[in-house]
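In what follows, a single structure is set out as structure tokens and then discussed.
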């Protein structure tokens with residue numbers, strides 16, 4: 443079984459976290475993915491980034507958004523996301539609104555302690571993935587679903603999320619999703635856009651036929667500009683429709699409108715829930731407001 447996949451044993455009742463409950467509903471849910479500071483920064487540099495991140499999380503939570511905190515994203519080691527909840531956000535943000543990532547790029551004992559600490563801090567959902575190779579770090583288990591299985595043996599009170607890569611063959615992904623060994627209560631997808639919407643459409647049709655019983659949230663990337671050199675650099679980390687994105691910006695489309703067009707296109711397919719990547723922590727709430735204003739302009743009555 444690959445780790446570029448989706449979720450759960452279809453016969454098991456899904457988790458009851460408030461994040462999963464919202465994903466199961468028809469009302470659109472918006473989530474924002476944010477990155478903790480990189481490991482190894484100076485004390486002052488890390489502190490500035492933590493302050494920006496704290497402001498962003500508080501502002502976005504006030505806007506009824508959920509927050510995802512990454513774990514060593516794009517091959518860079520990061521400060522621990524769970525520690526931030528304790529050190530910087532205690533009593534300021536409901537912990538159930540924070541949905542941290544945990545990769546397999548840690549010792550197994552650390553991962554098992556992590557899930558216990560998450561529950562103790564009031565976290566209700568954790569997304570567990572294999573993770574990109576980081577400076578030679580080895581996975582404690584070969585794939586994310588193996589770690590989710592170990593967590594499930596430990597507790598059933600925490601909702602666990604998996605990963606879907608819509609840029610892989612959809613039939614393959616459907617097979618992974620319906621494998622009885624897979625353990626997850628929700629899935630997140632790799633980034634898609636309105637320029638390659640057919641992938642999301644084929645996925646939704648496929649899971650509908652297969653009867654996949656868990657909800658998901660679709661990744662939407664906030665392109666800050668349409669420079670081809672930047673887009674080509676990004677394509678090292680995930681598939682980017684470089685020509686289409688560059689052309690859209692050249693025609694005068696703003697970053698917020700471009701992002702909103704993807705959100706609205708997904709909603710029209712029936713994918714009501716999205717998570718946004720690449721918002722700048724020090725401006726995340728403002729960028730979020732502008733994106734949602736464009737969504738409302740494109741789809742009057744939308745939240």
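In the numbering used here, the protein residues as written are 443 to 745.
Glycine included, each C-beta is placed from N, C-alpha and C at the ideal position.
Remember, predicted model here, so these are calculated numbers, not experimental data.
Any beta strand (DSSP E) of 3 or more consecutive residues that is wholly inside the stretch 620-677: 628-633, 658-663
Beta carbon proximity, residue 652 to chain D, threshold 8 Å: You won't find chain D in this structure, because it holds only one protein chain.
Coil, strand or helix - residue 479 by DSSP: coil
Exposed unless 16 or more other CB atoms sit within 10 angstroms - verdict on residue 493: exposed
Chain-order list of residues whose beta-carbon lies under 8 Å from that of residue 528 (same chain, five-residue window excluded): So the qualifying residues of the chain are 563.
Simplified DSSP assignment, three categories, for residue 568: Correct three-state label for residue 568: strand.
6 Å CB neighbourhood of residue 557 in its chain, flanking five on each side removed: 593
Three-pair Cβ contact test at 8 Å for the stretch 543-555 versus the stretch 573-589: yes
From 589, 511, 740, 671, residue whose alpha carbon lies closest to that of residue 553: 589
Identified DSSP bridge partners for residue 538: DSSP lists no partner for residue 538.
Alpha-carbon to alpha-carbon, residue 671 and residue 662: 20 Å
Run of the alpha helix (DSSP H) containing residue 689, from where it starts to where it stops: From DSSP, the alpha helix (DSSP H) with residue 689 extends over 684-692.
Residue(s) in a DSSP beta bridge with residue 545: 571
Residue interval of the alpha helix (DSSP H) (run including residue 730): 726-740
Sub-8 Å separation of residue 626 and residue 603 beta-carbons: yes
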